[in-house]
Amino acid sequence: MKREIIMPKLGETMEEGYIVSWRKNEGDRVEKGEILFEVMSDKTNFEVESPYSGYLRKILYQAGDQPIPVTTVIAYITDTPDEPIEIEKTEEEKKEKIKEEFEVRVEEKEKEIKVEEKERIKISPLARKLAEEYNVDITKIKGSGPEGRIEKRDILEYLEKFKEEYEVLKWTPLRRIIAKRLTESKQNIPHYYFQGKIIVDNLLKIKENLEKEGAKYTITDFLIFLTSRVIEKFPLIGSSVINDEIRIYKNVDIGLAISVSDGLVVGSIKNANKKTIEEISEDRKNLVEKARDGKLTEDDIKGTNFVISNLGMYEIENFYPIINPPGVAIMGVGKIDKGVFVEDEKIVVRNYMYISFSFDHRVIDGVYAANFYKKLKEVIENPAILLFKNV
Amino acid sequence: MRIITYRQALNEALDEEMARDERVFLLGEDIAIYGGAYGVTAGLWQKYGDQRVIDTPISENAIVGVALGAAITGMRPVAEIMYIDFIGLCMDQLNNQVAKIRYMFGGKCTVPLVIRTEGGAGRSLGAHHSQSLEAWLIHIPGIKVVMPSTPYDAKGLLKSAIRDDNPVVFIEHKMLYNTKGEVPEEEYLVPIGVADIKREGKDVTIVTYSRMVLFSLEAAEILEKEGISVEVVDLRTLLPMDIETVVKSVKKTNRVVIVEEDCKTGGTGAEIGMQIIENAFDYLDAPIIRVAGADVPMPKSPVLEKLAIPDVERICKAVKEVLK
Amino acid sequence: MEITKELAIKLLKQMMQIRQFEDMIMELLAKNIAEGGSHLYAGMEAVAVGAISVINPDDYITSTHRGHGHAIAKDGDLKALMAEILGKKTGVCKGKGGSLHLADLSKGNLGANGIVGGGIGIATGAGLSIKLQKQNKVVLCFFGDGATNNGIFFECLNMASLWKLPVVYICENNKYAMSVSVERSHAVKDLTKKALAFDMPAESVDGQDVLAVREVVGKWVNYARQGNGPSFIVANTYRYYGHSRSDPRVYRTREEEKFWRERDPIIIFSNKMKEMGILTEEEINLIEEEVRKEIEEAVDFAIKSPYPEPEELYTDLYV
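Chains as they are written, first to last, in this note's numbering: chain A, 1 to 391; chain V, 392 to 715; chain E, 716 to 1034.
Have a look at this one:
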């Protein structure tokens, strides 16, 4: 039987030992407890006794300078002097591999060390955290702490400075609604626009004459009156898109954009096409008053698919309003101005106004809209036509 | 409420716990007939006799070793080491045996043992009777370290320590024995490991313990008149440290001053400061400042002794410094 | 002193358990299966076995850095002890104590100790505890010759004598404190004289003769149990291995080692039992074989046992 003699671990710190001398030669008879070899450990020299009786068959490591890891087999003892033994390889190969691995690791470590060092801005941990939270560029801040350290107060001061340039307005419920509705409108409705110049000399004359008789009406009143009568013949203009349906209404209600203190509301003039100018004017006045007192009823804001928005009194020439859903068209009215026109090869001066439209292309095509405009222009420029001709 | 001294509060705690549990006994130098070097055990020998209040030879190592042997075999000893300066004489038993025995034995024993001692400067006693060595002790896992600042805390914490199944080193302060405070007649306990906010404030947090709590409160009073609002956190127990309470305060004030009587280098404040950095770094708006004992043996001269430990003025200065 | 066959088997078996246990550990250390320090009790078996054989299961002992022998003699479980030495979860201290901290409070073993003299305080405290609780127990406090030069020895023996505590202090004089001999480190060569300072009775005994140890310790245990106080026994003995495995034993001669090996406690006791006709050669061989199996089983158990889980790092520190 072959028994292994190992380099014994002779202390907690001992990793390897040196064989100082073999006290027996290969082939010698050895008794258990007899001193077999001498080892030098990290601490001192030991005489190691043989743990077995037998013959020292083979010495794998001779005495010398070579360190031998603990538990390495260093010799074999056999029961008989001549039994065959297989000899294991030494540790050389393993060592070579470890050496290579070590060199690779050293290289990697050296790479890591070569990291650039930036110039350091002194800032307290709290200030740094705040700066990150509020997205503040700390290079733009001068610290007020010792040695220029940026502290919490510096960040807050910086933020305060920005605050002075504007005032944060709280969203009112109305503004939220406006914002939401108009954003949706602009995002969801494929708007297209056009505008036209309309001569209003005749209209102004009528307005003037009525005023002389004590009946005072606004341009808006006249436009509601006239437009409602044209829409009667172009019902798509007053239609709506609700739940993916195009709804065409029997009545012609006209929505009117009314500016109030915290925004804009739209009130309805019901059955405008059936009303006299006087009735329309009365309705409009009531509506505006109610709107400014915040007293519009649900009924008042129903029927506002087609909307007239008049900014003419604010000296606006021309603008394109956003469609008021679920409606599909809106009309913007600019100021009345004097302009030079060519009529019958003669240059004449007329009063005119810009009227612009935004249409929902899903419902109204360009030609339909153009025909509607053509008719509207006709009746506005010459309201008397309504007396004799059915639009 | 009733006002009594720190000394009386401790005496009551011992008396009540001895009456409550007959396994509780006291041993130490000069604690029986003499009543203790600072009079904490006065009257207890007369009341409980030789078997429960035992005068020992001057053998600190044996006092702690013997207390340990008794603790793991069914008793609940309260040992007194007259001055914390003598703890070096029993550090082997405390560190190697008392603190480790339960762990080394895989949890198979409990060590219901209290070591009462006192420390601190202020009586012009020189280098062997004036030290603050708590930093040595908080470095020993396995024990608890308690340092009360008021009579109320002293009584409640000592009673909790005696009922604790872990070894507790209970460090009194020689300058506090005659201080007075409210202590209720009825029984109460103060839990070990829970800090106490002794004064609320919003500008700066002072973290402190033992006698320095009193100094810090005085400083806070002065600073308030200058418009500075100081919060004073009394740790009460150094091991285990209630860092949560400290962190909560730091999150509010963002600025910290640590006031400790022990030497600055390697001191308790270093541990407190580091724990704050580990747990509340992002809430600090200025470097933590320590007001600590000088790194010298405690000098005898009363003038030098005063200079060697923090005072109210230095605390005020540090608070202003941390607010700069 | 009378000796029954049953007792003879018990004493012999325990001494053999200790011897084989220690030889096995030496082998495990050399093979790097066991890690860490170890101080082996081989050669000194008669002291632990003889002394502990005269006390009751609920009496206490405190042990030393060379504590495997005491732990086995105090009814220690070989498997749990071996597992502990290998740092295994199934160890008597869950693998947290190791060779230097073998303890089993359920069997009255208040622990081995990594600090020389470390157990003397605990033993004295246990003595005080017994007295305060008016129990009829005693404490055997083991320590080496080196510990009698340590401060706590003087502090505690003084207290024990002053308070008449039921502690028998047993000094295992194995001639060397690590490498320094008694001759080179003690002003008083006869260690029993140290007890004079405490007015404590003291006696020497042949630590290789288990029956002699029984007789002397038995006498002082009775003395303590009757409330007369502590005593101091010096048992002269010898450790076969070095102080620890990393000890080349350059401070003592091979002749000296041979002298003591010839005074082997197991051989002395075996021969006596044969002479007295209490045990036969076959019976003795049978016991040895039985112990060999036990040790093999213990090693097998210990090696196959799992290490503690990482969560165990922080458990058992505080209650």
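Even glycine gets a Cβ: it sits at the ideal position worked out from N, Cα and C. Being a predicted model, the structure only gives us computed values, none of them experimental.
Reduced DSSP category for residue i - H, G, I as helix; E, B as strand; rest coil
{"i": "Phe1016 of chain E", "result": "helix"}
{"i": "Met331 of chain A", "result": "strand"}
{"i": "Gly366 of chain A", "result": "helix"}
{"i": "Asn569 of chain V", "result": "coil"}
{"i": "Leu264 of chain A", "result": "strand"}
{"i": "Glu117 of chain A", "result": "Confidence is the limiting factor: at Glu117 of chain A the pLDDT is only 45, short of 50, which leaves the residue's position unreliable, though a coordinate-based value still follows. Here Glu117 of chain A sits in coil by DSSP."}
{"i": "Cys856 of chain E", "result": "strand"}
{"i": "Glu31 of chain A", "result": "coil"}
{"i": "Lys338 of chain A", "result": "strand"}
{"i": "Glu378 of chain A", "result": "helix"}
{"i": "Tyr52 of chain A", "result": "coil"}
{"i": "Pro69 of chain A", "result": "strand"}
{"i": "Pro468 of chain V", "result": "strand"}
{"i": "Leu727 of chain E", "result": "helix"}
{"i": "Ala384 of chain A", "result": "coil"}
{"i": "Thr839 of chain E", "result": "helix"}
{"i": "Asp293 of chain A", "result": "coil"}
{"i": "Val581 of chain V", "result": "coil"}
{"i": "Phe359 of chain A", "result": "strand"}
{"i": "Lys890 of chain E", "result": "coil"}
{"i": "Glu16 of chain A", "result": "strand"}
{"i": "Trp975 of chain E", "result": "helix"}
Any chain B beta carbon closer than 8 Å to residue i
{"i": "Gly145 of chain A", "result": "No chain B is present in this structure, whose protein chains are A, V and E."}
Per DSSP, the bridge partner or partners of residue i
{"i": "Ile597 of chain V", "result": "V:Val623 and V:Val648"}
{"i": "Cys654 of chain V", "result": "V:Gly684"}
{"i": "Phe947 of chain E", "result": "E:Tyr884 and E:Ala917"}
{"i": "Ile634 of chain V", "result": "In the DSSP output, where bridge partners are listed per residue, Ile634 of chain V has none listed."}
{"i": "Thr78 of chain A", "result": "A:Lys2 and A:Tyr55"}
{"i": "Leu418 of chain V", "result": "V:Ile445 and V:Ala470"}
{"i": "Asp819 of chain E", "result": "E:Asn824"}
{"i": "Asp587 of chain V", "result": "V:Asp625"}
Within chain E, the residues that residue i reaches when beta carbons sit closer than 9 Å
{"i": "Thr44 of chain A", "result": "Ser961, Asp962, Pro963 and Val965"}
{"i": "Val20 of chain A", "result": "Simply none; closest approach about 12 Å."}
Contact set between residue i and chain V, taken where Cβ atoms lie within less than 9 Å
{"i": "Asn873 of chain E", "result": "Pro448, Ser450 and Ala453"}
{"i": "Ala818 of chain E", "result": "Ile492, Met495, Phe496, Gly497, Lys499 and Cys500"}
{"i": "Glu151 of chain A", "result": "Asn645, Asp676 and Ala677"}
{"i": "Tyr884 of chain E", "result": "None at all; the shortest Cβ gap to chain V is about 13 Å."}
Within chain V, partners of residue i - CB distance below 8 Å
{"i": "Cys808 of chain E", "result": "Met495, Phe496, Gly497 and Lys499"}
{"i": "Lys879 of chain E", "result": "Those within 8 Å of Lys879 of chain E in chain V number zero; the least Cβ separation is about 13 Å."}
Candidates the options: closest to residue i by CA position
{"i": "Asp253 of chain A", "options": "A:Gly267, A:Ser309 and A:Ile323", "result": "A:Gly267"}
{"i": "Tyr429 of chain V", "options": "V:His530, V:Asn557 and V:Met566", "result": "V:Met566"}
{"i": "Asn864 of chain E", "options": "E:Ala910, E:Ala875, E:Ala1013 and E:Ala927", "result": "E:Ala910"}
{"i": "Lys205 of chain A", "options": "A:Lys216, A:Gln195, A:Gly196 and A:Lys197", "result": "A:Lys216"}
{"i": "Ile588 of chain V", "options": "V:Gly618, V:Ile553 and V:Val641", "result": "V:Val641"}
{"i": "Ile355 of chain A", "options": "A:Asn382, A:Pro383 and A:Ser309", "result": "A:Ser309"}
{"i": "Val73 of chain A", "options": "E:Ala723, E:Ala745, E:Glu990 and E:Glu996", "result": "E:Ala745"}
{"i": "Ile395 of chain V", "options": "V:His519, V:Lys546, V:Ile531 and V:Thr501", "result": "V:Lys546"}
{"i": "Arg350 of chain A", "options": "A:Ala369, A:Asn324 and A:Leu203", "result": "A:Leu203"}
Chain A contact residues for residue i, given Cβ-Cβ distances below 8 Å
{"i": "Gly751 of chain E", "result": "Glu12"}
{"i": "Lys715 of chain V", "result": "Gly145 and Pro146"}
Under 7 Å from the C-beta of residue i: neighbouring residues of chain E
{"i": "Pro8 of chain A", "result": "Ala745"}
{"i": "Val70 of chain A", "result": "Asn747"}
{"i": "Leu459 of chain V", "result": "Gly836, Ile837 and Gly840"}
Contact list for residue i against chain V, beta-carbon separation under 7 Å
{"i": "Pro51 of chain A", "result": "In chain order: nothing, as chain V lies at least about 32 Å away."}
Neighbouring residues, chain A, relative to residue i (Cβ below 7 Å)
{"i": "Asp673 of chain V", "result": "Pro125, Leu126 and Lys129"}
Any non-hydrogen atom of the ligand COA closer than 7 Å to residue i Cβ
{"i": "Met409 of chain V", "result": "No copy of the ligand COA appears in this structure; indeed no ligand is present at all."}
In chain order, what are the residue ranges of uninterrupted beta strand (DSSP E) at least 3 long that sit wholly in the region 735 to 781 of chain E?
775 to 777
Every unbroken beta strand (DSSP E) inside the region 483 to 571 of chain V [3 residues or more]
505 to 510, 535 to 537 and 559 to 564
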